[in-house]
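In this note's numbering, the protein residues as written are 10 to 172. Note that beta-carbon positions come from the ideal geometry of N, C-alpha and C, so glycine has one too. Owing to the predicted nature of the structure, the values given are computational and were not obtained by experimental measurement. Working notes, structure below.
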Ligand code: FES
């Protein structure tokens, strides 16, 4: 099979694929490494995987879209998760999510155009006593309210400005 013309980015992906000796059985491991490298699975990289492994592109997409660990679109520098599990929902997490959507100008599941923030609702983060819970990266924020959302976002943006 003839491979697409090589471009600089291809070399990193090729290195990953080659490290698994182009083994079809390593498809998930290869996708995981590409996800780790880019934070998502670029379409061109999936085509490359398909070409080099000799696996139909539709099958590669099937695996990439089946697992929650894989993302087909770029994700923001900060992933904000809002719990909509029962305990959090009863304590107002829907308003927390709405506030975030309003402040960031995106909907649940989307990423801001500047790739700073991604927003994702989840079901129970296992911290129900802290409801409603919001998590940015690995940091938990408890008993969230719309006012606290705005202040946390400002803090994150200020921290980013300093970096
Ligand atoms: S329901 Fe939100 S942490 Fe459990």
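Practice task
Tell me where the alpha helix (DSSP H) around residue 132 begins and ends.
Solution key: Indexing the chain shown from 1 puts residue 132 at position 123. Residue 132 -> no alpha helix (DSSP H), and no H or E assigned at all.
Exercise for the section: Please confirm if the region 124-144 is in contact with the region 94-106, defined as three or more CB-CB distances below 8 Å between the two stretches. Expected result: yes
Problem - Separation of residue 58 from residue 131, as counted between CA atoms - result: Start at 1 with the first residue of the chain shown, and residue 131 comes out as number 122. Start at 1 with the first residue of the chain shown, and residue 58 comes out as number 49. In this structure, the alpha-carbon of residue 131 lies about 30 Å from that of residue 58.
Handout entry: Among 32, 156 and 126, nearest to residue 60 - alpha-carbon criterion
Key = On the chain shown, residue 60 is found 51 positions in, with the first residue counted as 1. Residue 32 is the option with its Cα nearest to residue 60.
Practice task
Pull up the CB-CB distance for residue 113 and residue 93, whole angstroms please, since I reckon it's below 8 Å.
Solution key: The residue labelled residue 113 in the question sits at position 104 within the chain shown. The residue labelled residue 93 in the question sits at position 84 within the chain shown. About 17 Å; that fails the 8 Å criterion.
Practice task
Compare the beta carbon distance of residue 42 and residue 50 with 8 Å and say whether it is the shorter of the two.
Solution key: Within the chain shown, the letter at position 33 stands for residue 42. Within the chain shown, the letter at position 41 stands for residue 50. Result no, Cβ atoms of residue 42 and residue 50 do not sit closer than 8 Å.
Practice task
Run the CB neighbour count on residue 120, radius 10 Å, all protein chains shown included, and call it buried at 16 or more, exposed below.
Solution key: The residue labelled residue 120 in the question sits at position 111 within the chain shown. So residue 120 counts as buried.
Problem - Residues that DSSP places opposite residue 76 in a beta bridge - result: By one-based count along the chain shown, residue 76 stands at place 67. Residue 76 is not bridged to any residue.
Exercise for the section: Return the bridge partner residues of residue 92 from the DSSP annotation. Expected result: Taking the first residue of the chain shown as 1, we reach residue 92 at position 83. Residue 92 is bridged to 131.
Exercise for the section: Check the C-beta distance from residue 69 over to residue 55 and give it rounded, since I have them as a contact under 8 Å. Expected result: Looking up residue 69 in the chain shown gives position 60. Looking up residue 55 in the chain shown gives position 46. 5 Å between Cβ atoms; contact.
Practice task
Just grab the DSSP bridge partners of residue 145 for me.
Solution key: For the purposes of this step, residue 145 is taken as residue 136 along the chain shown, with counting starting at 1. Bridge partners of residue 145: 89 and 148.
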